[in-house]
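Chemist: Pasting a structure here, questions to come.
There are 2 protein chains.
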Amino acid sequence: MTDVAEGERRILVAVDEGEESMYALSWCLKNIVAQNSKDTLILLYAKPPRAVFTALDGTGYLFSSETWAAMEKYAADVADCVMEKAKKTCRDLRQDIKVETKVENGDPRDVISQMAEQLRADVLIVGSHGYGSIKRAFLGSVSNHCAQNVNCPVLIVKKPKTNAGSKCQ
Amino acid sequence: MTDVAEGERRILVAVDEGEESMYALSWCLKNIVAQNSKDTLILLYAKPPRAVFTALDGTGYLFSSETWAAMEKYAADVADCVMEKAKKTCRDLRQDIKVETKVENGDPRDVISQMAEQLRADVLIVGSHGYGSIKRAFLGSVSNHCAQNVNCPVLIVKKPKTNAGSKCQ
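Residue numbers (full-length UniProt numbering), protein chains in the order written: chain A, 1 to 169; chain B, 1 to 169.
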C-alpha cells in the first residue's frame, strides 16, 4: 500500500449518471488527492447489463432487435456523457492530476469490485446511492456490496441534501 | 464542507480493541490527513452496553453486582488501553496533528453515528469489521450501519490479510 508521502496511489472512482457520484468525485479531488502528488485517478463507469432493461420493462414484452439496438445506443451515449462530465470535474478542480477512464459492461457491483482488485486500487470511492433508485431496486446497493467485497479501503460519499446539482440525463 | 486547501477538517476515527481499527487509523494518518494541515483527528471509542455482556453469557445466569463491577472495570481498562494505543499510533506517524479523544457508552453503531453528526465530522473512518466477530454477531456490522446512517463521507478500511499485528487485549 502506497501513501501520500510516496505518492503514486491509484484512486478508483466509480461514476454514474447521478449527482451523488459527481459529488463523490469532487469530494475525492478536494480531500483525498494530495497536492503535487503522483496520484492517478481512474474513473470507472459500469454499463448496466441487459437484464436490468428487461426487468425495467416488466410486462414480459419481448423487445425487437431495433429496440435493443436503440437501448444499447442510449446506454453508450449515457456512458459518454457521464465520462465527459467526470473528466470536466477533474479538469475544473485539479489540472495536475493524471486521469484514466474505463467503461465496462456488467452489473456495477461486480464490475466495480473486480476492477478494484484488477487495477490494484489503493482506495475506491463510491457514491452512497449510485445507479438511481429504480436500478438499485434490481441491482441492490452498490456501495454496500463494495464495502463488503473489496479489499482496499472504500470511501462512501453521501451527497448533502442541501447541495443542489444537475443530472446528466 | 471544508477541504484540504482550507484545512481544519474534523476527522472522526472510530477505534476499538481490534487490529483493524488501528490499521484504519494508520491508513487515515498516511492517506487522508494532509501535510501541514490544521486537521483535527478525533478518536472515538464506544464502550459496548451491558446488553452485550448479558447476551455473551447466554445461560440466563444473573450476574452478581460484584461480577458487574468487575466487567465494568474491565471495559474501562480496555477503553484506556485502546485510547493509549491509538494516541501512540498518532504520535508515531504524525506529531503535528491535533488529536482529541472521546469515550462514550452505548451501542457502537448508535454512538458513532450520533457523534459523527454531533461533532460535525467532515469524514468518518471505521474499520471494516470492528468490534470483533462475537460482538458483531450481537451488534451487527458497525461499518454497514454507519455507511447507511451517517451523512458525512464514510471511509471503510479493511486490513489486508497479509499484514500481521497485535491485539490490544
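We put the beta carbon where it would ideally sit given N, CA and C, even for glycine. Computed from a prediction, not measured in an experiment: that's the story for all the values here.
Is the CB-CB distance between B:Cys28 and B:Ile42 below 9 Å?
Modeler: Contact flag unset, no.
Chemist: At a CB-CB cut-off below 9 Å, which residues of chain B make contact with A:Pro48?
Modeler: What A:Pro48 touches in chain B: nothing, since even the nearest Cβ is about 22 Å away.
Chemist: I'd like the ranges of any beta strand (DSSP E) spanning at least 3 consecutive residues and lying wholly in the UniProt domain "UspA" (9 to 158) of chain B.
Modeler: Fully enclosed beta strand (DSSP E) runs of 3 or longer: 10 to 14, 40 to 47, 98 to 105, 123 to 127 and 154 to 157.
Chemist: Please go through the same chain and pick out, in chain order, the residues whose beta-carbon is closer than 7 Å to the beta-carbon of B:Ser128, but skip the five residues on each side of it.
Modeler: These residues qualify, in order along the chain: Glu20, Ser143, Ile156, Val157 and Lys158.
Chemist: Under 9 Å between C-beta atoms, does B:Leu43 make it to chain A?
Modeler: No, because no Cβ of chain A sits closer than 9 Å to the Cβ of B:Leu43.
Chemist: Ignore the nearest five residues each way along the sequence and tell me which others in A:Cys152's own chain have a CB closer than 7 Å to its CB.
Modeler: Around A:Cys152: Ala116, Ala121, Asp122, Val123 and Leu124.
Chemist: Verify whether the separation of the beta carbon atoms of B:Arg14 and B:Leu44 is less than 9 Å.
Modeler: The sequence shown places Ala at residue 14 of chain B, not Arg. Yes; because the gap between Cβ atoms is below 9 Å, this pair is in contact.
Chemist: Given that a residue counts as buried once 16 or more other Cβ atoms are within 10 Å of its Cβ, and exposed if not, what is B:Gln169?
Modeler: The predicted position of B:Gln169 is uncertain, since its pLDDT is 38 and thus under 50; a value taken from the coordinates is nonetheless stated next. With fewer than 16 Cβ atoms within 10 Å of its Cβ, B:Gln169 is classed as exposed.
Chemist: Which whole-angstrom value describes the C-beta separation of A:Ser26 and A:Thr89, a residue pair presumed to lie in contact below a C-beta threshold of 8 Å?
Modeler: About 6 Å separates the two Cβ atoms, so the contact holds.
Chemist: Using the Cβ count rule (16 or more neighbours within 10 Å means buried), how would you classify A:Arg91?
Modeler: Burial call: exposed.
Chemist: As a quick exercise: from A:Gln148, A:Gly106, A:Ile97 and A:Asn149, pick the residue whose alpha carbon is nearest that of A:Val33.
Modeler: The residue with the shortest Cα to Cα distance from A:Val33 is A:Ile97.
Chemist: Measure the C-alpha to C-alpha separation of B:Gly106 and B:Glu100 and round it to an integer number of angstroms.
Modeler: About 19 Å.
Chemist: Can you pull the chain A residues whose beta carbon is under 8 Å from the beta carbon of B:Ile112, in chain order?
Modeler: The contacting residues do not exist; B:Ile112 stays about 14 Å from chain A at best.
Chemist: Is there a Cβ from chain B that is less than 9 Å from the Cβ of A:Lys158?
Modeler: At least one chain B Cβ lies under 9 Å of A:Lys158.
Chemist: Can you give me the Cβ contacts of A:Leu93 inside the same chain, cut-off strictly under 8 Å, excluding the 5 residues immediately before and after it?
Modeler: Here the set comprises Ser26, Leu29 and Lys30.
Chemist: From B:Glu104 to B:Gln148, what does the alpha carbon distance come to, in whole angstroms?
Modeler: Taking the straight line joining both Cα atoms gives about 21 Å.
Chemist: Who are the near neighbours of A:Ser113 in its chain, counting only those whose CB is closer than 8 Å to its CB and skipping five residues on each side?
Modeler: Closer than 8 Å at Cβ, skipping near neighbours: His145, Cys146, Asn149 and Val150.
Chemist: Does any residue of chain A have a CB that is nearer than 9 Å to the CB of B:Cys152?
Modeler: For B:Cys152, the answer is yes, since a Cβ of chain A falls inside 9 Å of its Cβ.
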